[in-house]
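These notes are about the structure you will find just below.
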Amino acid sequence: MTDMAGYVAKHFRWRVEDGIAVVTLDRPERKNPLTFDSYAELRDVFRALVYADDIKAVVFGSNGGNFCSGGDVHDIIGPLLDLDMKGLLRFTRMTGDLVKAMINCGKPVIAAVDGVCVGAGAIVAMASDIRIATPEAKTAFLFTRVGLAGCDMGACAILPRIIGQGRASELLYTGRTMSADEGERWGFYNRLVDAASLDAEAIALARRLADGPNFGHMMTKTMLNQEWSMSIDQAIEAEAQAQAICMQTQDFKRAYDAFVAREKPAFKGD
Numbered sequence: 000m001t002d003m004a005g006y007v008a009k010h011f012r013w014r015v016e017d018g019i020a021v022v023t024l025d026r027p028e029r030k031n032p033l034t035f036d037s038y039a040e041l042r043d044v045f046r047a048l049v050y051a052d053d054i055k056a057v058v059f060g061s062n063g064g065n066f067c068s069g070g071d072v073h074d075i076i077g078p079l080l081d082l083d084m085k086g087l088l089r090f091t092r093m094t095g096d097l098v099k100a101m102i103n104c105g106k107p108v109i110a111a112v113d114g115v116c117v118g119a120g121a122i123v124a125m126a127s128d129i130r131i132a133t134p135e136a137k138t139a140f141l142f143t144r145v146g147l148a149g150c151d152m153g154a155c156a157i158l159p160r161i162i163g164q165g166r167a168s169e170l171l172y173t174g175r176t177m178s179a180d181e182g183e184r185w186g187f188y189n190r191l192v193d194a195a196s197l198d199a200e201a202i203a204l205a206r207r208l209a210d211g212p213n214f215g216h217m218m219t220k221t222m223l224n225q226e227w228s229m230s231i232d233q234a235i236e237a238e239a240q241a242q243a244i245c246m247q248t249q250d251f252k253r254a255y256d257a258f259v260a261r262e263k264p265a266f267k268g269d
């Protein structure tokens, strides 16, 4: 399996703390925009995480008081004006591939959002499994404000599932900013914490997940994302199969043995 703990990122910050990968964009002077290179490298890293047994959970964090300002105006939006349709489709498919890679990476992903979280940055937060934010978080899906459609990188499919069709429609049509309070009230953010506590809260949650049954978490993430396109009967059958598979793991036996011994189980992910 791939050893991701030793990975050296070129276009963003990457560190691993005892099985928890922490990713942050590293252009704080520009509020951390994405570039062609960081898009592609993030896509490749999340794809590789499928095979990385040494990574148990991922935190996508903020840097310098901001999460991400979306695609860089000069490095991305400007050059897009010179591309033909084939080149444009290559780019839009690449950005969508990042979301697909995050969804299919097999690891719980926690977004820790402070300050600006807009455009593709809002999509990265949306594609995460759990989102924690500060009261200063400002989230906007800005695509219509630059003359595009709101349907970018899966937004029209995923955002309504998180906050509801009507609320998602308003945000995607208008491109307006969703305040942190709205985000928490609508269910986009799981909770709000002070900026000084954001990193620690996200790492603590990631630690709790990393210490759990990692194979079971992978199955949970898989089912959460696959069952939207299933009927209820199909979903119940898929979960029966998933749970039967998990019952063959050593973690299931460890949990039983620990219960009998009145101890806390020490899961190992196998």
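Numbering that gives the first Met the number 0 applies: residue 0 is where the sequence shown begins, and numbers increase by one.
Every residue, glycine too, gets a C-beta built ideally from N, C-alpha and C.
Whole runs of the alpha helix (DSSP H) within the region 16-92, excluding any shorter than 4 residues: Complete alpha helix (DSSP H) runs here, min 4: 35-47.
Beta-carbon spacing of lysine 137, valine 115 below 8 Å: Looking up residue 137 in the sequence shown gives position 138. Looking up residue 115 in the sequence shown gives position 116. Cβ atoms of lysine 137 and valine 115: closer than 8 Å.
DSSP state of methionine 177 mapped onto helix, strand, coil: Mapped onto the sequence shown, residue 177 falls at position 178. Here methionine 177 sits in strand by DSSP.
Could you tell me which of Asn213, Thr143, Ala265 sits nearest to valine 270, measuring between CA atoms? Only positions 0 to 269 of the chain appear in the structure, and residue 270 is not among them; the question remains open.
To the nearest angstrom, how far is it from the Cα of valine 15 to the Cα of alanine 4? In the sequence shown, counting from the first residue as 1, residue 15 sits at position 16. In the sequence shown, counting from the first residue as 1, residue 4 sits at position 5. Straight-line Cα distance between these residues: approximately 6 Å.
So, with DSSP's three-state summary, where would you put lysine 137? Counting from 1 along the sequence shown, the entry for residue 137 is found at position 138. Strand, per DSSP.
Assuming methionine 152 and glycine 69 make a contact with CB atoms under 8 Å, what is their CB distance in whole Å? Here residue 152 refers to the residue found at position 153 when the sequence shown is read from its first residue. Here residue 69 refers to the residue found at position 70 when the sequence shown is read from its first residue. In this structure methionine 152 does not touch glycine 69 by the C-beta definition: roughly 11 Å separates them, more than the 8 Å allowed.
Using DSSP's beta-bridge definition, name the partner residues of alanine 132. Mapped onto the sequence shown, residue 132 falls at position 133. Paired residue(s): Val112, Leu191.
Is there contact between the region 173-187 and the region 12-28, where contact requires at least three CB pairs shorter than 8 Å? With a cut-off of 8 Å on Cβ pairs, the region 173-187 is not in contact with the region 12-28, counting fewer than three such pairs.
Around the C-beta of methionine 125, are 16 or more other C-beta atoms found within 10 angstroms, so that it is buried, or is it exposed? Within the sequence shown, the letter at position 126 stands for residue 125. By the 10 Å Cβ count, methionine 125 comes out buried.
Grouping DSSP H, G and I as helix and E and B as strand, with all else coil, what is tyrosine 98? Locating residue 98 in the sequence shown gives position 99, where the first residue counts as 1. According to the sequence as given, residue 98 is valine; it is not tyrosine. Helix at valine 98.
Going by beta-carbon coordinates alone, are alanine 148 and tyrosine 188 separated by less than 8 Å? Numbered from its first residue, the sequence shown carries residue 148 at position 149. Numbered from its first residue, the sequence shown carries residue 188 at position 189. Not in contact: alanine 148 and tyrosine 188 (Cβ atoms no closer than 8 Å).
Would alanine 239 and methionine 222 be called neighbours here (beta carbons separated by less than 8 Å)? Translated into the one-based positions of the sequence shown, residue 239 becomes position 240. Translated into the one-based positions of the sequence shown, residue 222 becomes position 223. No.
I'd like to know whether the C-beta atoms of cysteine 67 and alanine 20 end up nearer to each other than 8 Å. Residue 67 sits at position 68 when you count from the first residue of the sequence shown. Residue 20 sits at position 21 when you count from the first residue of the sequence shown. No, Cβ-Cβ distance for cysteine 67 and alanine 20 is not below 8 Å.
For a quick check, are the C-beta atoms of valine 58 and alanine 194 less than 8 Å apart? Position 59 of the sequence shown, counting from 1, holds the residue named residue 58. Position 195 of the sequence shown, counting from 1, holds the residue named residue 194. In this structure, alanine 194 does not lie closer than 8 Å to valine 58 by Cβ.
Inspect the beta-carbon positions of proline 107 and lysine 267 and report whether they are closer than 8 Å. Position 108 of the sequence shown, counting from 1, holds the residue named residue 107. Position 268 of the sequence shown, counting from 1, holds the residue named residue 267. Lysine 267 sits away from proline 107, with the two beta carbons spaced by 8 Å or more.
DSSP three-state assignment for arginine 207, whether helix, strand or coil: Position 208 of the sequence shown holds residue 207. DSSP places arginine 207 in helix when its eight states are reduced to three.
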